């Protein structure tokens, strides 16, 4: 049995359902939802997978804090202070014209993202060329991303915005969108500008809904006395309390100056500088056997490091404290961060639920396609049943007209035959017994007999005007017209359904998904179903109608065959029958005149025999019976149509059930988020 062990192991590997273990927290929740929504049964789109991956990246992405305010409020200087570097360009003229995302990276670099989707990287030294609104070629840039190897950026992404009173409406709109999406907002304003009408109007317009995550920072406190600072802070807190959770006065310049001279920053700058110089010198001396060429510069580096380590930083620390920048960092850590994490989780889960709702709306759209088809099949069943009944009602009347015309032919032949029954004198000899005194005698007796002038009948009916032939042709023509019209009536029943289904088909064979994340394949399958509706649905109705028409034609062919007897031969047979009857009666009469009489055919007898010779009973049953051939075909057609319609509706319902099941599955996924 050992040879089976690899097979069993492989079977278990392939077919055993493995329970996936997801990491704790938001990312694990997203991954669980992602795997559920990307189940092959949903035929997921590439766009859905991309968005779910973006949500995972968003969950891992550091908290975003936007720095905003009006132009010339010192946003770039403030950010430089938070980062301890003069990275962003500053100046009297407002220069930041694009959104700058400041992210963590292993090295300093600048990424330019264009509106076309193209990206390119540059040295951080060139940042001013891409942020200065005075440059004329900035329109093609969507946003900038600055990467820097700073610990603060591992947990926080800062977003430097153009401001809310930008000369470009698109930049203002971009800033407004950023404020809505970020975890926290720092509104930066100059102390001497705080509370002015122009700023109040901007706050009313843009900041009303962001209080819980907004901090107001009053910049340039170093230019004012403590009393002025306190008065302004209190005023702004009272006047703009509905916009901000807190108001903090700072000096971005003092913070930047002090942080730029901290030992850690100086050590990092010195290390970065010596590293660049070493690379530069190494490029100049490609073939080297030792590091002697760098000895003097390394000695200078060592001296600088020693000086930094022994540097008195008490003034820098005092300046840092006076700048009040630490209050801002504390607010970020203690107020914004917890709310941002909760807000991010709420927003991402809301987006996940939104994706489920989008998918279910699209499934509902597809279900609507099938529902509308089912409605057509149900609504049209009644008029189609009525149309079948109309065929029977209308053409039964017309068949009665055919029957009446055939009866007229029978009447005409029988009447003409009866008119040509001629009375003919005849004699017979009768022996009479004599008396006692006389002998027996034979007497001549005259009597009337009858003769059918068949030549006159044939001449009047068939030869001179071909009366009967014309009457038969008219009847057959009427019958042929009924066949043609009833054939077309059956086709029209199919056309009635086909036209309604074609109206349904036209918009749905071009149906497209409404939202990018929806399944391309699901809508492709729906379009294909609509495009192939004849093969999927109409074909079986069409075949059934053609079957009905074929049965109808067979009945007409049989009936035409029944009428194909020679009219003259049937008439001859009928006349011959009565001639025989007359002859036999004469023979019997002459033998026993007291018992028998000479037969004189009546017109009704001629008509009865003529109809019998024509097989008129079958003709009558075919044309006038309440359960005639047309009744039977229509009855069968209705039963057949009802069954086909039932099966077709069930077929469409089955396709619909697949999407109803998917809606239930997606709802379960949504409930578990």
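Residue numbers (this note's numbering): 128 to 800. Virtual Cβ for every residue (Gly too), placed ideally from N, Cα, C. What you are looking at is a predicted structure, and each value in this text was computed from that prediction instead of being measured.
Check	Outcome
Helix, strand or coil at residue 788 according to DSSP, with G and I counted as helix	helix
Cβ-Cβ distance between residue 304 and residue 268 below 9 Å	no
For residue 465, the residue or residues it bridges with in DSSP	For residue 465, which the question treats as bridged, DSSP gives no partner whatsoever.
Delimiting residues of the beta strand (DSSP E) encompassing residue 730	Residue 730 -> not in any beta strand (DSSP E); alpha helix (DSSP H) instead, spanning 730 to 741.
Inter-residue Cα distance where the pair is residue 340 and residue 474	14 Å
Buried or exposed (CB count within 10 angstroms, at least 16 for buried), residue 309	buried
Other residues of its chain near residue 763: CB distance less than 8 Å, five sequence neighbours each side excluded	675, 678
Sequence-distant residues of its chain with Cβ nearer than 6 Å to residue 278 (five each side left out)	none
CB contact flag (residue 227, residue 272, <9 Å)	yes
Contact check, residue 496 vs residue 750, beta carbons under 9 Å	no
The region 767 to 778 contacting the region 503 to 515, beta-carbon criterion three pairs below 8 Å	yes
Of the listed residues 401, 405, 444, 581, nearest to residue 431 (C-alpha basis)	401
Cβ neighbours of residue 317 in the same chain (closer than 6 Å, five flanking residues each side left out)	200, 346, 347
Boundaries (first-last residue) of the alpha helix (DSSP H) holding residue 634	594 to 635
Per DSSP, the bridge partner or partners of residue 559	568
Selection from 500, 616, 172 that minimises the alpha carbon distance to residue 782	500
Validate contact between the region 652 to 665 and the region 625 to 633 using beta carbons, cut 8 Å, 3 pairs	yes
Residue 200 - containing beta strand (DSSP E), residue span	Run containing residue 200: none; DSSP gives neither H nor E here.
Touch test, the region 705 to 718 against the region 478 to 498, Cβ-Cβ under 8 Å, three pairs minimum	no
Complete runs of the alpha helix (DSSP H) confined to the region 635 to 692 [at least 4 residues]	647 to 658, 666 to 689
Beta-carbon spacing of residue 478, residue 172 below 9 Å	no
Identity of the residues DSSP links to residue 307 by a beta bridge	Bridge partners of residue 307: none, in fact.
Start-to-end residues for the beta strand (DSSP E) that takes in residue 287	283 to 287
N- and C-terminal bounds of the alpha helix (DSSP H) containing residue 519	508 to 546
Rounded C-alpha distance that separates residue 542 from residue 693	19 Å
Delimiting residues of the beta strand (DSSP E) encompassing residue 270	268 to 275
Runs of alpha helix (DSSP H) lying entirely within the region 167 to 191, each at least 4 residues, in chain order	173 to 187
Burial state of residue 365 (16 or more Cβ within 10 Å)	exposed
Residue span of the beta strand (DSSP E) that contains residue 117, given as start and end	Lying before the first or after the last residue shown, residue 117 is absent from the chain, which here runs from 128 to 800.
Burial state of residue 362 (16 or more Cβ within 10 Å)	exposed
7 Å Cβ shell around residue 233 - same chain, five flanking residues per side excluded	276
Contact set for residue 321: own chain, Cβ-Cβ below 7 Å, skip 5 residues either direction	345, 359, 363
Cβ pair count under 8 Å reaching 3, the region 721 to 739 against the region 583 to 603	no
Touching by the beta-carbon criterion (3+ pairs, under 8 Å), the region 615 to 623 and the region 576 to 583	no
Residue of 187, 767, 466 minimising C-alpha distance to residue 669	767
Bounding residues of the alpha helix (DSSP H) (the contiguous stretch that carries residue 694)	694 to 718
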